[in-house]
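J.: Below you'll find the structure I mean.
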């Protein structure tokens, strides 16, 4: 059974939520409540007292002792299961980094799983809302309001609040799923052309990024717009971006086949005439906040108020 389904079953049983309607003596209920308030196991004395007050709970008390005595191994097994699926939580920027946070988190293990469940629910809701919206081209005003609200909800569950420290997750090629940027969506208004896939490639080691928009046209007239930039971190999640170079042309004349191959050609020093020019205007700068990052989804907010939702492109 997938971890998420198992977690859904266990979380409601993990803590004593309310004893108000339990058909037991107040003294027994008080023992449960005190243990729960102190976030500790029931002691042997607690269990003996409860059984003396409520003989029908003898079998349950025996089960409670066994569960308590095996709690460490149960949590250890659960820990290994979670870490095998969410290995990045131990890395810089993760929920269990630095190490001293780990034990505190495991002491409240079910709350940890609940947070994961809430995050998965928020992510699924957002992906459902943007499905069929063609990167935002087909989104109505009502759609945009709902999508922005869902983005804020998912941002509250960001597993990596220091995304620039998680280079192995942040770097690489990302494909745009949705944006509110009028500049990007405006490329779809070109006569006889329509907007194809849009990619953003991040090279953390060189502090460079490449925005690549594929333009769909009649056969042999497919185009591409490529913009390269450098960036500099200014906070734990913000980078200042300076655009340096723009390339426009037909894909066949540019010898464009894929984002990765074309970026390698750019970095080799190759020129792509006639529309390959430097961007020297000081106004061609801005900032980008990375407000959500996980293994396959990234959300960013730009200096002009636009939002960007991107999925990691599988290699």
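Numbering (the numbering used here), first residue to last: 40 to 354.
No residue lacks a Cβ here, since even glycine has one placed at the ideal position from N, Cα and C.
1) Can you tell me the Cβ-Cβ gap for residue 186 and residue 217, rounded? I've got them flagged as a contact below 8 angstroms.
2) Please return the same chain residues whose Cβ sits closer than 7 angstroms to the Cβ of residue 345, not counting the five positions on each side in sequence.
3) Residue 261: which of 287, 267, 240 sits nearest, CA to CA?
4) Rounded to whole angstroms, how far is the Cβ of residue 210 from the Cβ of residue 242, which I believe are closer than 8 angstroms?
5) Check residue 319 in the structure and name its three-state DSSP category.
6) Run the CB neighbour count on residue 298, radius 10 Å, all protein chains shown included, and call it buried at 16 or more, exposed below.
7) Could you say which of 307, 269, 227, 267 lies nearest to residue 254 if we only look at CA atoms?
8) Mapping DSSP to helix, strand and coil, what is residue 40?
9) For residue 265, which of 180, 88, 275, 306 has the nearest alpha-carbon?
10) Following the continuous beta strand (DSSP E) through residue 205, name the residue where it begins and the one where it ends.
11) My output table needs one value for residue 328: the three-state DSSP class, helix, strand or coil.
12) Is it the case that the stretch 309–316 contacts the stretch 182–200, given that we only count it when at least three CB pairs across the two stretches are under 8 angstroms?
13) Could you name each continuous alpha helix (DSSP H) segment of 4 residues or more that falls completely within the stretch 224–303, going from the start of the chain to the end?
14) In terms of residue numbering, what span does the alpha helix (DSSP H) encompassing residue 183 cover?
15) When burial is assigned at 16 or more other CB atoms within 10 Å of the CB, is residue 199 buried or exposed?
16) Just to confirm my understanding: we take residue 328, look at its own chain, exclude 5 residues before and 5 after, and list those with CB closer than 6 angstroms. What are they?
17) Assign residue 250 to buried or exposed, taking buried as 16 or more other Cβ atoms, counted over all protein chains shown, within 10 Å of its Cβ.
18) Which of helix, strand or coil does DSSP assign to residue 222?
19) Assuming residue 213 contacts residue 280 under a Cβ cut-off of 8 angstroms, what Cβ separation, rounded to an integer in Å, is found between them?
20) Pick helix, strand or coil for residue 50, following the three-state DSSP scheme.
T.: Let me spell this out:
1) 7 angstroms between Cβ atoms; contact.
2) The answer, listed in chain order, is 218, 219, 220.
3) Residue 287 is the option with its Cα nearest to residue 261.
4) At roughly 7 angstroms, the Cβ-Cβ gap stays under 8 angstroms, so residue 210 and residue 242 are in contact.
5) The answer is coil: DSSP assigns residue 319 none of H, G, I, E or B.
6) Burial call: buried.
7) It is 227 whose Cα lies nearest to the Cα of residue 254.
8) Unreliable placement is indicated for residue 40, whose pLDDT of 43 sits below 50; the coordinate value is still reported in the next sentence. Three-state result, residue 40: coil.
9) It is 306.
10) Looking at the DSSP string, residue 205 is not in any beta strand (DSSP E), and its letter there is neither H nor E.
11) Residue 328: strand per DSSP, three-state reduction.
12) With a cut-off of 8 angstroms, the stretch 309–316 and the stretch 182–200 do not count as touching, because too few Cβ pairs lie within range.
13) Annotation note: the stretch 224–303 contains the following uninterrupted alpha helix (DSSP H) runs of length 4 or greater, listed N- to C-terminal: 290–293.
14) Its alpha helix (DSSP H) spans residues 180–194.
15) Label assigned to residue 199: buried.
16) Shown here for residue 328: same chain residues with a beta carbon closer than 6 angstroms to its own, the five before and five after excluded, namely 276, 277, 340 in chain order.
17) Under this definition residue 250 is a buried residue.
18) In the structure shown, residue 222 sits in a helix (DSSP, three-state: H, G or I).
19) The C-beta distance from residue 213 to residue 280 rounds to 15 angstroms, too long to meet the 8 angstroms contact threshold.
20) Because the pLDDT at residue 50 is just 46, under 50, the model does not fix this residue reliably, and the point stays unresolved.
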